[in-house]
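Under my numbering, the sequence shown has 95 at position 67, and the numbering climbs by one with no breaks.
C-beta: ideal position from N, C-alpha, C; glycine also.
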Amino acid sequence: MKFDTPDFSKPPVLALVIPCYNESEALPITAPVLFGILDRLAASGQIDGASYILCIDDGSRDNTWQVIGELHARDPRLKGITLAHNRGHQFALLAGLMEVIDRCDAAISLDADLQDDPEAIAGMIEEYHKGKEVVFGVRSSRQTDTRFKRNTAHAFYSFQKMMGLETVYDHADYRLMSNRALKVLAEYGETNIFLRGIVPQIGFDTAVVKYERNPRVAGESKYPLSKMLSLSIDGITSFSARPMRWIFFIGMLSFAATLIVTVYVLISNFFLHRANAGWTSIMLSIWGLGSLILMSIGIVGEYIGKIFAEVKHRPRFTVKDTVW
Ligand code: UDP
Ligand code: MG
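Written out as structure tokens, the structure is:
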């Protein structure tokens, strides 16, 4: 597929896309801060005056949607959509990005709680003007996290890498995407969406902007360990068939162990005469068949991995430029 190259010299119409789940306490604090930043960037000619904020109410149980309506009445640059039910952060964010796809030149996704330091927005826009189409916000430290959250997060990154999922280290979903990058994202037809895995695959010129992650302004985290764990497993299983390859390797290892066990069992039986009746044949069949079964599952897994890649119908390539 080929999409038009953005005009990076023109101030972009910027959309700030914010998934909100039970954020009625945080939004009234967050909105004015973000308006302030939009005003400042528009005044200095870095973004278009028509830039705006889009809040996605992810089926909140509190009065978030009402708060969004009130904020919109006060300043219509804050817009909202509400989902029919709670679908989780990744889907809410995707819904927002798809909503702005024909209405902006660049979109920045960020959390409703000001944990993603909004001052980094200016840095991202600066990179956009240099022709960067995906700008990743990366945390410069994890000082404000509890030691537990910090350690578990880092353990997840290492585990994901081992399982064949490549993500940007310490990057959550705070990022700028050009309109063209959003159009490529829309080409990914998969249902299990894991943006942190897909966005690095989009390509084009990318950059990183470092920021300090602040404590939440109000309300409480909606991402307990259980949700982090399921996000991590979703990420791995949507991106990599490597866990199945590991089964094959374990099968190979146990087959090698079988050879050693065979020698031991045969010596015990024929030379040392230490074996009870039946032990030799049972040992050999458990080890032999067990390792063969493991390897067979691994081989079937390789084919399932291929089917898995096919059914996702991911875009096969994106043309960046042509001289014709
Ligand atoms: N969020 C969402 N749907 C959910 C859970 C969270 O849209 O089911 C939003 C939430 O409102 C916030 C962002 O995702 O804007 C990140 O959530 P949170 O701040 O609770 O996560 P943490 O920063 O603690 O990891
Ligand atoms: Mg947060």
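Candidates the options: closest to residue i by CA position
i, options, result
"V128", "K107, E147, R115", "K107"
"L111", "N50, Q118, I84", "I84"
"E155", "A123, V237, I109, Q188", "V237"
"R203", "T265, D173, L138", "L138"
"P228", "P146, A134, Y197, L122", "Y197"
"I96", "N50, R115, A123", "N50"
"N325", "L317, F276, W307, L281", "It is worth fixing the name first, because residue 325 is Ile in this sequence and not Asn. Among L317, F276, W307, L281, the Cα nearest to that of I325 belongs to F276."
"E248", "M29, W274, D262, C48", "C48"
"E240", "P60, A59, S88, D145", "D145"
"W274", "K250, L322, V245", "L322"
"L66", "I149, G217, D32, D130", "I149"
"R178", "I109, P252, L125, N207", "P252"
"M311", "R175, V291, G329, V328", "V291"
"G159", "V347, K38, S313", "K38"
"V266", "P34, Q188, I153", "Sequence inspection shows Ser at residue 266; the Val mentioned does not correspond to that position. Measuring from the Cα of S266, the nearest candidate turns out to be Q188."
Residue i beta carbon near the ligand UDP (any heavy atom closer than 7 Å)
i, result
"P47", "yes"
"G116", "yes"
"D86", "yes"
"E51", "yes"
"A235", "no"
"A59", "no"
"R208", "no"
"R68", "no"
"A120", "yes"
"R175", "no"
"R203", "no"
"R244", "yes"
Chain-order list of residues whose beta-carbon lies under 7 Å from that of residue i (same chain, five-residue window excluded)
i, result
"F336", "A269"
"I230", "V162, A209, V212, L213"
"G77", "A70"
"L62", "L44, I81, P146"
"M126", "A214"
Buried or exposed by the 16-neighbour rule on C-beta atoms within 10 Å, applied to residue i
i, result
"Q143", "buried"
"H117", "buried"
"I81", "buried"
"S309", "exposed"
"A140", "buried"
"Q94", "exposed"
"V293", "buried"
"F134", "The residue you asked about is not Phe; residue 134 is Ala in the sequence shown. A134 comes out buried."
"I295", "exposed"
"K250", "buried"
"I264", "buried"
"G165", "buried"
Near the ligand MG: residue i beta-carbon under 7 Å from a heavy atom
i, result
"D141", "yes"
"S249", "yes"
"R167", "no"
"R170", "no"
"R178", "no"
Nonlocal neighbours in the same chain, by C-beta distance under 6 Å from residue i, ignoring five residues either side
i, result
"C132", "V41, A43"
"W315", "T286, V289"
Range covered by the alpha helix (DSSP H) that runs through residue i
i, result
"S260", "253 to 267"
"R102", "92 to 102"
"P271", "270 to 298"
"V351", "Note, V351: premise wrong, no alpha helix (DSSP H); not H, not E."
"T308", "307 to 339"
Element boundaries [beta strand (DSSP E), containing residue i]
i, result
"S186", "Taken as a continuous stretch (DSSP letters only), S186 belongs to no beta strand (DSSP E), being part of the alpha helix (DSSP H) at 175 to 190."
"T219", "Note, T219: premise wrong, no beta strand (DSSP E); not H, not E."
"D67", "Segment 55 to 71 is the alpha helix (DSSP H) holding D67; no beta strand (DSSP E) there."
"S137", "134 to 137"
"S206", "199 to 206"
"K238", "234 to 239"
"T172", "No beta strand (DSSP E) contains T172, which DSSP labels as neither H nor E."
Contacts around residue i, its chain only, beta-carbon distance under 8 Å, and the 5 residues preceding and following it disregarded
i, result
"P243", "Q143, T172"
"N91", "S52"
"L320", "G279, F283"
"P343", "M29, V212, E215, Y216"
"R105", "F63, L66, S79, Y80, I81"
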